[in-house]
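Taking it in order: structure first as structure tokens, then the write-up.
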Amino acid sequence: MAAPKQTDPQFKLRLTPEIKSRIEENAATNNRSLNAEMLDRLDKGLAHERLLGEIRRLESDVAMLMSQTSELAQSLERRERDLFTDLVKLRRLEPENESLRETIKSKDEIIELLQSHLSLMRMAGALQKHSINLLDSILDEAEAGGDEILKRTIANRKVELDNEQEDEFDELFAEMKRMGRIVRISTKD
Numbered sequence: 229m230a231a232p233k234q235t236d237p238q239f240k241l242r243l244t245p246e247i248k249s250r251i252e253e254n255a256a257t258n259n260r261s262l263n264a265e266m267l268d269r270l271d272k273g274l275a276h277e278r279l280l281g282e283i284r285r286l287e288s289d290v291a292m293l294m295s296q297t298s299e300l301a302q303s304l305e306r307r308e309r310d311l312f313t314d315l316v317k318l319r320r321l322e323p324e325n326e327s328l329r330e331t332i333k334s335k336d337e338i339i340e341l342l343q344s345h346l347s348l349m350r351m352a353g354a355l356q357k358h359s360i361n362l363l364d365s366i367l368d369e370a371e372a373g374g375d376e377i378l379k380r381t382i383a384n385r386k387v388e389l390d391n392e393q394e395d396e397f398d399e400l401f402a403e404m405k406r407m408g409r410i411v412r413i414s415t416k417d
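One rule links them: number in our numbering = place in the sequence shown (from 1) + 228.
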């Protein structure tokens, strides 16, 4: 009687004795055949490639968010200085010229713009923190797995702010708090 034909594609694979020995040890530890162990390794490797692709995409998103946040902070700082200077000038001229009273009404618009910019900054900061936390959790999950190659691959990919970046964010949020006080003082008048 003829042996049944195997339908799975087959190919020959040459392994160094060291690699073959390692795979055989892992197969014995996992109670699998050499073939099953190699298939499991290939499957995990492909899954890790997908995970690394996702990590790279998230890293790119975080970098873009950090860049946008920095640009937004600089723009807000310039605008805030200009608006504050204009507001101070308007307040000085108010008692001297009655016709300026109508112009001062626009301060409410300035304050609304400033408040909306502050709100956008807070949202951008929260989104950036969320993206970094998401990336860190993906990296932690991947790092917690048993694959040493993947652990080494992601070891240097965690996003950590250096002291200068942390100082920048601290200064930005301190400036935002100061602006919040200015807005509150201005709205009382």
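For every residue, glycine included, the Cβ atom is placed at its ideal position computed from N, Cα and C. Given the structure is predicted, the values throughout are model-derived calculations rather than measurements.
Just tell me which of the options has its CA closest to the CA of residue i.
| i | options | result |
| --- | --- | --- |
| ASP364 | GLU282, SER344 and LEU243 | GLU282 |
| ARG319 | SER303, HIS358, GLU305 and SER334 | SER334 |
| GLU396 | PHE312, ASP336, LEU315 and MET294 | MET294 |
| ALA402 | GLU287, LEU286, MET349 and SER344 | MET349 |
| VAL316 | LEU279, ILE339, SER303 and HIS276 | ILE339 |
| SER422 | GLU287, THR244 and LEU280 | Since the first residue shown for the chain is 229 and the last is 417, residue 422 is missing from the structure and cannot be characterised. |
| LEU279 | ASP398, ILE366, GLN296 and ALA354 | ILE366 |
| GLY353 | LEU341, LEU400, THR313 and ASP314 | LEU400 |
| LEU362 | ASP289, ASN263 and ALA256 | ASP289 |
| ARG406 | GLU394, LEU346 and MET351 | LEU346 |
Indicate the three-state DSSP secondary structure (helix, strand or coil) for residue i in the structure shown.
| i | result |
| --- | --- |
| SER334 | coil |
| PRO237 | coil |
| ASN258 | coil |
| THR244 | coil |
Nearest-angstrom Cα distance between residue i and residue j?
| i | j | result |
| --- | --- | --- |
| PHE239 | ARG284 | 32 angstroms |
| ASN258 | LYS357 | 40 angstroms |
| ILE251 | THR244 | 11 angstroms |
| LEU341 | GLU369 | 42 angstroms |
| ASP398 | ASN391 | 10 angstroms |
| GLU277 | THR313 | 54 angstroms |
| GLU299 | LEU274 | 38 angstroms |
| LYS248 | PRO237 | 21 angstroms |
| ALA291 | GLN343 | 26 angstroms |
| GLN302 | GLN296 | 10 angstroms |
| ASN254 | ARG242 | 18 angstroms |
| MET351 | GLU394 | 17 angstroms |
| LEU355 | ASP336 | 28 angstroms |
| GLU246 | MET266 | 14 angstroms |
| ALA264 | THR235 | 16 angstroms |
Shorter than 7 angstroms from the beta carbon of residue i to some beta carbon of chain B?
| i | result |
| --- | --- |
| LEU355 | In summary, chain B is missing from the structure at hand, where a single protein chain is found. |
When you measure from the CB of residue i to every non-hydrogen atom of the ligand GTP, does any distance come out below 6 angstroms?
| i | result |
| --- | --- |
| GLN393 | Summarising the ligand content, the structure contains no ligands, and the ligand GTP is consequently not present. |
Segment contact, 8 angstroms Cβ cut-off, at least three pairs: the stretch 269-281 with the stretch 296-310
no
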